[in-house]
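If you're matching positions, the sequence shown starts at 18 in the numbering used here and goes up one per residue. In what follows, a structure is listed as structure tokens, so that the remarks can point back to it.
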Amino acid sequence: MILIKLFLSFLKVGFFAIGGAYSFLPLIEKEVVQKYQWLSREEFLEVMGMVKIFPGAISIKYATYTGYKIAGIWGAVAANVGNFLAPALLIAFASFLYLRYKNVPAVKNAFEAIQLVVFAMIIAVAFQTVSPFKLLQLRSILIIITAFALFIYTKIEPARSEE
């Protein structure tokens with residue numbers, strides 16, 4: 018039963034995590050810290066520091082760590098299969114739709130909206146990460162506001178791919 022829970026938890030993370038880097042951390046935290054208590058909040062933050070040491074995708078390292086801690090090697094396998102399966106299916110489906118409808122204005126607008134959602138999720142994770150350590154100072158807040166203003170009022174698009 019625990020293998021199924023690990024698989025479904027990371028499948029859920031994979032389906033609802035859009036973007037990369039740290040955008041999916043709130044979803045992982047909700048599943049592994051809040052819902053199932055597989056990791057404590059402190060351990061979750063420690064793992065965040067640890068995963069930066071090793072190469073590879075952060076979600077895979079979280080799935081591996083959590084799965085192995087809870088159910089050994091098979092737990093790590095179950096969590097990673099769930100973690101990988103969702104984006105693989107979504108990418109295949111999205112590629113099909115994008116190639117078919119890429120010139121439709123609504124599709125272009127949807128992709129621009131997704132970029133803004135990912136940006137907001139990254140900002141939320143940044144605040145959650147530093148708030149327990151009381152590191153938010155005036156200087157940090159000014160940097161965040163400046164970066165946000167540059168993002169909004171310039172042509173800089175951090176998540177735009179070249180065609």
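Just so it is clear, CB atoms sit at the ideal spot from N, CA and C, and this is done for glycine as well.
(request) Within the same chain, show all residues whose beta-carbon is closer than 8 angstroms to that of A88, passing over the 5 residues directly before and after it, in chain order. (result) I19, L20, L23, A95
(request) Counting only the same chain and skipping the five closest in sequence on each side, list residues whose C-beta sits under 7 angstroms from that of R58. (result) V50
(request) Can you tell me the Cβ-Cβ gap for G99 and L28, rounded? I've got them flagged as a contact below 8 angstroms. (result) 4 angstroms
(request) Give the secondary structure of N100 by DSSP, where H, G and I count as helix, E and B as strand, and everything else as coil. (result) helix
(request) Taking the CB atoms as reference points, tell me whether Y79 and I45 lie closer together than 9 angstroms. (result) yes
(message) Which residue wins for smallest C-alpha separation from L114, given the options F128, L167, S76?
(response) F128
(request) Would you give the residue range spanned by the alpha helix (DSSP H) that E46 belongs to? (result) 42-46
(request) May I have the straight-line CA-CA distance separating F71 from F136, to the nearest angstrom? (result) 25 angstroms
(request) Thinking S26 and E48 are a contact (beta carbons under 8 angstroms), I'd like their distance in whole angstroms, please. (result) 4 angstroms
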